[in-house]
Amino acid sequence: MVWPGCPVLRDIRELRLVTFALQVANHDASARDEARYRLACIQDRRGSRPWPWTEVGA
Numbered sequence: 012m013v014w015p016g017c018p019v020l021r022d023i024r025e026l027r028l029v030t031f032a033l034q035v036a037n038h039d040a041s042a043r044d045e046a047r048y049r050l051a052c053i054q055d056r057r058g059s060r061p062w063p064w065t066e067v068g069a
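Structure, rendered in structure tokens:
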């Protein structure tokens, strides 16, 4: 967590989780709210980390 590159890796991971949720939401309407919520989170419209994301595509 103290390594200078850690925030970049965290951001990449969060972006991957958001894009996965968007892909699932494209085929599963029940995942759309979660995908929208995740997108709002990485756009800094839903508060600070950590975000309580719900599993999608299980």
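Using this note's numbering, read the sequence shown as starting at 12 and increasing by one per residue. Ideal placement from N, C-alpha and C gives every residue a C-beta, glycine not left out.
How is the alpha helix (DSSP H) around residue i delimited, first residue to last?
| i | result |
| --- | --- |
| E66 | No alpha helix (DSSP H) holds E66; DSSP gives it neither H nor E. |
Given that a residue counts as buried once 16 or more other Cβ atoms are within 10 Å of its Cβ, and exposed if not, what is residue i?
| i | result |
| --- | --- |
| E71 | What is shown of the chain runs 12 to 69, which leaves residue 71 out entirely. |
| R49 | buried |
| A40 | exposed |
| V29 | buried |
Given a cut-off of 8 Å, decide if residue j and residue i are closer than it, judged by their beta-carbon atoms.
| i | j | result |
| --- | --- | --- |
| A51 | A42 | no |
Just to check my reading of the structure: residue i and residue j have Cβ atoms closer than 8 Å, yes? What is that Cβ distance to the nearest angstrom?
| i | j | result |
| --- | --- | --- |
| I53 | L26 | 7 Å |
| V35 | G58 | Their Cβ separation, rounded to whole angstroms, is 23 Å, which puts V35 and G58 out of contact at 8 Å. |
*In chain order, which alpha helix (DSSP H) runs of at least 4 residues are fully inside the region 19-51?*
You should have found no qualifying run.
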